[in-house]
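Reviewing the structure listed below.
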């Protein structure tokens with residue numbers, strides 16, 4: 001066996017996407033670029049008047065959410081929707097709008113907002129922990145005050161003393177050097193920056209790892225993996241041989257923001273928890289999905305997920321058509337369970353199933369997922385767009 005074999009092609013493309021997408025705004029921007037390259041048309045107000053059979057469209061909201069859809073050549077008004085729903089936000093630290101804070105000679109950072117995208121590829125801010133010598137109990141119980149002990153350090157105080165005019169202080173309640181840095185990145189004057197929303201991110205690039213390149217080590221896997229796969233699937237579907245012959249449902253993807261806080265069918269795609277080799281007891285014995293083992297269908301008796309038997313059957317059939325595998329995930333009865341957009345959207349009356357790629361270290365600054373699972377998810381979504389309508393006609397459900 002060759003050491004460090006060639007990386008899965010889809011995983012390599014995902015790395016470029018996630019490295020260029022530190023925030024929901026960047027993720028939506030990059031998704032729109034991909035859709036535009038596939039000849040999708042961006043729509044704004046009153047777009048309903050311009051829809052035509054065979055058309056490919058997308059629109060964004062607040063720069064942080066995106067919906068893309070394609071109309072089949074034989075589209076008729078009133079047709080159903082085949083939807084893949086994901087989210088583009090991930091846990092992160094944000095800088096406060098009034099962010100100047102100093103203490104004991106250190107300059108501390110906090111938050112900001114901008115309608116122009118900015119991505120600074122250097123480690124400007126850091127939250128250093130207290131040395132273990134000064135906190136001997138840290139290994140037993142790590143606790144910190146989120147207001148006073150979780151503030152990033154921007155630099156040394158003396159570094160901003162060259163801008164101390166009172167008029168500067170009145171005009172810019174934030175750190176002058178911080179404003180100049182943003183202004184330089186955006187090629188604008190500091191006084192042109194009126195507000196901003198800045199998120200902190202790990203500047204170390206995402207990479208493939210493992211002895212066989214079988215893992216992706218990256219932040220924001222939850223849930224940029226599902227979002228990337230949804231975009232790729234719908235972009236590739238319009239170039240597939242089957243696209244001109246489609247009839248029935250409108251194929252659609254929806255990339256939502258703020259998730260962490262009939263004839264239609266919806267796949268709610270969000271990452272799932274792979275079994276951890278050091279903590280196998282955290283999973284129910286018969287429901288232990290593994291990375292690179294295929295898409296996982298999520299079920300929960302307390303309705304934290306929207307999957308039911310019919311939805312699960314449909315996913316299994318769609319995956320089988322692409323030669324893939326399906327896993328099952330259900331939490332232990334004595335463990336809490338997260339949720340997704342699935343149960344919320346199912347209240348609209350749309351049949352819904354929750355699926356996701358298994359991963360480790362969810363919500364960590366450095367998460368881990370299977371590199372082959374990226375193509376597995378793309379295959380499922382493409383199979384969904386291509387074959388759901390015909391499969392649905394074969395189902396008889398009272």
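Residue numbers (UniProt numbering): 1 to 398. No residue lacks a Cβ here, since even glycine has one placed at the ideal position from N, Cα and C.
Check                                                                                                                                                                  : Outcome
Hey, could you find the ends of the alpha helix (DSSP H) residue 64 is sitting in?                                                                                     : Taken as a continuous stretch (DSSP letters only), residue 64 belongs to no alpha helix (DSSP H), as it is neither H nor E.
Between the alpha carbons of residue 256 and residue 286, how many angstroms are there, rounded?                                                                       : 32 Å
Would you call the region 386 to 393 and the region 310 to 321 touching, i.e. three or more CB-CB distances under 8 Å?                                                 : yes
Please classify residue 60 as buried or exposed, where buried requires at least 16 other C-beta atoms within 10 Å of its C-beta.                                       : buried
Under three-state DSSP, which class holds residue 175?                                                                                                                 : Confidence is the limiting factor: at residue 175 the pLDDT is only 45, short of 50, which leaves the residue's position unreliable, though a coordinate-based value still follows. Here residue 175 sits in coil by DSSP.
Looking at the structure shown, is residue 118 part of a helix, part of a strand, or coil, going by DSSP?                                                              : coil
What are the residues that DSSP puts in a beta bridge with residue 368?                                                                                                : 217, 360
My output table needs one value for residue 31: the three-state DSSP class, helix, strand or coil.                                                                     : helix
Taking the alpha carbon of residue 35 as the point to measure from, which residue in 224, 253, 292 has its own alpha carbon closest?                                   : 253
In whole angstroms, give me the CA-to-CA distance for residue 291 and residue 236.                                                                                     : 25 Å
Touching or not, the region 261 to 271 and the region 117 to 135, by the rule of three or more beta carbon pairs under 8 Å?                                            : no
What does the alpha-carbon distance come out to for the pair residue 400 and residue 50?                                                                               : Beyond the ends of the chain as shown, which are 1 and 398, falls residue 400; an answer cannot be given.
Roughly how far, in whole angstroms, is the beta-carbon of residue 65 from the beta-carbon of residue 58, given that I think they are within contact range, below 8 Å? : Their Cβ separation, rounded to whole angstroms, is 11 Å, which puts residue 65 and residue 58 out of contact at 8 Å.
For the beta strand (DSSP E) containing residue 255, list its first residue and its last residue.                                                                      : 250 to 256
DSSP puts residue 56 in a beta bridge; with which residues?                                                                                                            : 70
Quick one: residues in its chain with C-beta nearer than 6 Å to the C-beta of residue 72, no 5 flanking neighbours on either side, listed in chain order?              : 246, 247
What does DSSP give as the partner residue(s) for residue 354 in the beta ladder?                                                                                      : 268, 298
Closest by CA to residue 233, which one among 222, 251, 216?                                                                                                           : 251
Would residue 221 pass as a contact of residue 369 if the rule is Cβ separation under 7 Å?                                                                             : yes
Let's test the definition: count the other Cβ atoms within 10 Å of the Cβ of residue 375 and tell me whether it reaches 16, buried, or not, exposed.                   : buried
Please classify residue 134: is it buried, with 16 or more other beta-carbons within 10 angstroms of its beta-carbon, or exposed?                                      : exposed
Relative to the C-alpha of residue 381, which residue among 229, 304, 362, 274 is closest?                                                                             : 229
Could you give the C-beta distance for residue 306 and residue 355, rounded to a whole number, given that I count them as a contact under 8 Å?                         : The Cβ separation is near 10 Å, so there is no contact.
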